[in-house]
Structures are given as structure tokens and as C-alpha cells.
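Asker: Below: one structure in C-alpha cells.
Here is the structure:
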């Protein structure tokens, strides 16, 4: 099965080319300033972090193009930083445009949905006994649209791979991704389920880590430290520099290890689908 065979292919490629992990860590480096600014506890720095995060969105496509290009080359043998630069430069504009197009459409649909659901719920709250049915219909409608967005993402998830591996343009990359998923639905579903499970695990771990950082390590501090038994310790202004540095290093390392392997796995799986298409 493509889902399982691609795991072994990716593992072998990464072992031969650990440089792929280093390249993927750049993604973490790009977003570290955002994490640190948002963990500062300052409203002004939080806003600055949000602005920086927006700018980082324009760097991410270069990293994605470079990492996927390295992964594609690593599967066949050896790769290096030159492929990262080449892949980033050659695929940057197409990945950026495709990502912006997909993001804008999803955002517009989401905003429109929010207004529709809000309006229906507001109207239903004032019509007495029938209001419950109206609200239920609105929530059902919202669920259907959310499901539609998820399905669209499921079918279009391989557009960066179509750009990098096969050299497609923006529109053709979306079509290629949808066609491959449609023709190999069961394999694509298994692949997506595996990545969702991994994402949930990483998300939970990241959430717990962020609680420790935003709390300045207070979750690890026993009650009453610095005061009488049972009394709270002294107030802190935010996480210490040591905690922030540790969190930043952990985030970059995790981005490299997970991002590098998952990126290589995604390319290996995509190529499995291509091989199946040619049979």
C-alpha cells in the first residue's frame, strides 16, 4: 500500500540526507519571532508578532518549494543546499499564488458562512418556539459548508507537489491534485488520516508547551513558593528568557525533524501515486 511503502522510502531518504531536516528547520526559524513576541505578554508586542506572522507567510512558500525539491531529489539519492535554493526560487511564485488563492477563497467562504449563520441564529432567537428549529438548521448548514471546505482541502492538498515534482502551473496543479486523489481515493484517505493523527499529537504537545511558556513555568512551580504554605508565589511579568529560549530551540528542532520527515514522506507518497497512474 502506498501509505506504508512511502514511510520506508521517506525514512531511507532522510537517513541518507539529514540535510533535509536542517532545511525544514528554517521554517521554524522563520516563525520563532512570532512565537516569542506573542509569548511576551505585551499587547504591543503581540500586535507586532501578528504583523511579522503576516510577512512570514511570504517566506514560507520559498521554504516549502526548497524542502519539497530536496525531498524529491533525496528519494533518488543525494541532495544538498543548492537544490533548496533552486527549488525555492523556481517554485516560489507558483506556490505563493496558489496558496494565496486557496486561502482567500477559503476565507471568503468562511466569512460569508459566519454572517449567514449569525443572521439566521439572530433571527431564530426572536421567533419563539420555532427558533430552535431555525438555529438547528443554521448549525447544520454551517456544518455542511465546513465539511465542504475540508473535502476541498482533501482533494487539493497535493498542489505544491504538482508544482515542484511535475512543474505544473497554478490552475493545473489544483487539477492534478484533485485528479490523483479521485483516482486513488482510499490511499489518499489513509495518508490524510495518518497526517491528521500526527497533527493532533503534535498539537496537543505544542499546546501544553505553550501553557508552560505563557505561564512562565508557573505550572511546574509548587504552590506557595516564595511565601507561606498554601500562598501563591510572587507575581511574574511573563516567561523568563531561559524558558523562551528553550521553547524556541524546541520549536525549531521539532520543525526540522517533523517537517523534514513529513515533507519527504509526502513527496514519496505523491510519487507512489504517480507510479500507480503509469501502470
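Residue numbers (the numbering used here): 121 to 399. Just so it is clear, CB atoms sit at the ideal spot from N, CA and C, and this is done for glycine as well. None of the values given here were measured: they were computed from a predicted structure.
Measuring only the C-alpha atoms, how far is residue 155 from residue 142?
Answerer: Here residue 155 is taken as the residue at index 35 of the chain shown, counted from 1. Here residue 142 is taken as the residue at index 22 of the chain shown, counted from 1. Distance between the alpha carbons of residue 155 and residue 142 is about 20 Å.
Asker: Leaving out five residues before and five after residue 221 in sequence, what residues of the same chain have Cβ atoms less than 8 Å from its Cβ?
Answerer: The residue given as residue 221 occupies position 101 in the chain shown. Contacts found: 290.
Asker: If you drop the 5 nearest sequence neighbours on each side, which residues of the same chain put their C-beta closer than 8 Å to that of residue 218?
Answerer: Taking the chain shown and counting its residues from 1, the one referred to as residue 218 is at position 98. Closer than 8 Å at Cβ, skipping near neighbours: 279, 280, 283, 290, 293, 294.
Asker: What did DSSP end up calling residue 121 once you bin it into helix, strand or coil?
Answerer: Taking the first residue of the chain shown as position 1, residue 121 is located at position 1. If DSSP states are grouped into helix, strand and coil, residue 121 belongs with coil.
Asker: For residue 277, which of helix, strand or coil comes out of DSSP?
Answerer: Here residue 277 refers to the residue found at position 157 when the chain shown is read from its first residue. When secondary structure is reduced to three states using DSSP, residue 277 falls in the coil class, being assigned neither helix nor strand.
Asker: Considering only residues of the same chain and omitting the five flanking positions on each side of residue 123, which have a CB-CB separation below 8 Å?
Answerer: Start at 1 with the first residue of the chain shown, and residue 123 comes out as number 3. 307, 310, 311, 314, 389, listed in sequence order.
Asker: Take residue 130 as the anchor and find which of 385, 398, 394 has the nearest alpha-carbon.
Answerer: Sequence index remark: in the chain shown, residue 130 carries index 10 (1-based). The candidate whose alpha carbon is nearest that of residue 130 is 385.
Asker: I need the straight-line Cα distance from residue 223 to residue 273, nearest angstrom please.
Answerer: Taking the first residue of the chain shown as 1, we reach residue 223 at position 103. Taking the first residue of the chain shown as 1, we reach residue 273 at position 153. Taking the CA atoms as reference points, residue 223 sits about 10 Å from residue 273.
Asker: Is residue 178 helix, strand or coil by DSSP?
Answerer: The residue you call residue 178 lines up with position 58 of the chain shown. It is coil, neither helix nor strand.
Asker: Is it the case that the Cβ atoms of residue 137 and residue 206 are separated by a distance below 8 Å?
Answerer: Position 17 of the chain shown, counted from the start, is the residue given in the question as residue 137. Position 86 of the chain shown, counted from the start, is the residue given in the question as residue 206. No.
Asker: Considering only C-alpha positions, which residue in the set 379, 189, 330 is nearest to residue 365?
Answerer: As a working note, residue 365 is residue 245 in the chain shown. Of the listed residues, the one whose Cα sits closest to residue 365 is 330.
Asker: Would you call residue 322 buried or exposed, if buried means 16 or more other Cβ atoms sit within 10 Å of its Cβ?
Answerer: Taking the first residue of the chain shown as position 1, residue 322 is located at position 202. So residue 322 counts as exposed.
Asker: Assuming residue 191 contacts residue 150 under a Cβ cut-off of 8 Å, what Cβ separation, rounded to an integer in Å, is found between them?
Answerer: Walking along the chain shown from the start, residue 191 turns up at place 71. Walking along the chain shown from the start, residue 150 turns up at place 30. Wrong, their Cβ atoms sit about 18 Å apart, outside the cutoff.
Asker: If I'm right that residue 147 touches residue 181 with Cβ under 8 Å, what's the distance once you round it to whole angstroms?
Answerer: Counting from one through the chain shown, the residue named residue 147 turns up at place 27. Counting from one through the chain shown, the residue named residue 181 turns up at place 61. In fact, because the Cβ distance is near 11 Å, the residues do not count as touching under 8 Å.
Asker: May I ask you to report which of helix, strand or coil DSSP gives residue 153?
Answerer: By one-based count along the chain shown, residue 153 stands at place 33. Per DSSP, reduced to three states, the secondary structure at residue 153 is helical.
Asker: Only counting the same chain, and skipping five residues up and downstream in sequence, which positions put a Cβ closer than 8 Å to that of residue 237?
Answerer: Translated into the one-based positions of the chain shown, residue 237 becomes position 117. The residues are 258, 259, 261, 262.
Asker: Please confirm whether residue 229 and residue 265 have their CB atoms less than 8 Å apart.
Answerer: As a working mapping, residue 229 is identified with position 109 in the chain shown. As a working mapping, residue 265 is identified with position 145 in the chain shown. Taking 8 Å as the Cβ cut-off, residue 229 and residue 265 qualify as a contacting pair.
Asker: Tell me which residues share the same chain as residue 296 and place their Cβ nearer than 6 Å to its Cβ, disregarding the 5 neighbours each side in the sequence.
Answerer: By one-based count along the chain shown, residue 296 stands at place 176. Around residue 296: 282, 288.
Asker: Would DSSP call residue 198 helix, strand or coil?
Answerer: Taking the first residue of the chain shown as position 1, residue 198 is located at position 78. Of the three classes helix, strand and coil, the one that applies to residue 198 here is coil, per DSSP.
Asker: Is the Cβ-Cβ distance between residue 185 and residue 208 less than 8 Å?
Answerer: On the chain shown, residue 185 is found 65 positions in, with the first residue counted as 1. On the chain shown, residue 208 is found 88 positions in, with the first residue counted as 1. Contact flag set, yes.
Asker: Taking the straight line between their C-alpha atoms, what separation do you get for residue 240 and residue 269?
Answerer: The residue given as residue 240 occupies position 120 in the chain shown. The residue given as residue 269 occupies position 149 in the chain shown. Going by the C-alpha atoms only, they are around 20 Å apart.
Asker: From residue 242 to residue 255, what distance separates their C-alpha atoms?
Answerer: Residue mapping note: residue 242 aligns to position 122 of the chain shown, counting from 1. Residue mapping note: residue 255 aligns to position 135 of the chain shown, counting from 1. About 9 Å.
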